[in-house]
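Participant: Residue numbers for the sequence shown follow UniProt numbering, beginning at 1 and rising by one.
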Amino acid sequence: RGCLLIATGVDGNRRIFPLAFALVEGENSLSWAWFFDQLHEHVTQREDITIISDRHAGIRNAVGGFPDEWGWRWRWCIRHWLANFQHKFGKKKDIKNQLWNAAVAHQPKKYEQKMKTIRQTHRAGAVWAEGQELPMWTFHMDNGARWGIATTNHGESINNVYKGLRAM
């Protein structure tokens, strides 16, 4: 059947554009590794590339194999990360919103204020969140790698454009 992998970019004016796409056998580690290799070899050798995605095992394994000299980084889509939280703890909209605000806080002090509130109202959720790799889901620990982008919504917009290809 196949799977469509898509890479998108965001320019300085926050406009999205397609970088590359490929039809592969399936969404797995080998397909993602091959796709990222092709992206690096044929599209960009820049060192300041950040991949923002869900935590799919195939992507995790592929980005774990990035050569250090590439200088590429991987960050989690905060919306997908929060969906993982809800899967574990149930749909607690107030805490989800508080976690979102903690995640996108650029200053450590503001992050800590948000997490303090969460610790008081949902201790287990706070422990879970803070047990995750903080640079992967928080802006204040991110060193600017995200360029202020929190989710995969940009990529999903392009994905919707290509939806018709999936019927092939």
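Cβ atoms here follow ideal geometry from the backbone N, Cα and C, with glycine treated the same way.
Output the residue ranges of the alpha helix (DSSP H) runs that lie fully inside the region 2-44 and measure 4 residues or longer, sorted by chain position.
Facilitator: Qualifying alpha helix (DSSP H) stretches, in chain order: 29-38.
Participant: Is the region 93-112 close to the region 50-62, with three or more CB pairs under 8 Å?
Facilitator: Result no; under three Cβ-Cβ pairs closer than 8 Å.
Participant: Let's see if you can read the secondary structure: which residues bound the beta strand (DSSP E) around arginine 75?
Facilitator: Along the sequence shown, read from residue 1 onward, the residue named residue 75 stands at position 75. Residues 73-76.
Participant: Given a threshold of 16 other Cβ atoms within 10 Å of its Cβ, counted over all protein chains shown, does lysine 114 qualify as buried or as exposed?
Facilitator: In the sequence shown, the residue the question calls residue 114 occupies position 114. It counts as buried.
Participant: According to DSSP, what are the bridge partners of threonine 50?
Facilitator: For the purposes of this step, residue 50 is identified with residue 50 of the sequence shown, where counting begins at 1. Looking at the DSSP assignment, threonine 50 forms a beta bridge with Arg73.
Participant: Helix, strand or coil for histidine 56 per DSSP?
Facilitator: Here the question's residue 56 lines up with position 56 in the sequence shown. DSSP places histidine 56 in coil when its eight states are reduced to three.
Participant: Which residue marks the beginning of the alpha helix (DSSP H) containing glutamate 133, and which one marks its end?
Facilitator: Counting from 1 along the sequence shown, the entry for residue 133 is found at position 133. That residue, glutamate 133, is in no alpha helix (DSSP H); it is neither H nor E in DSSP.
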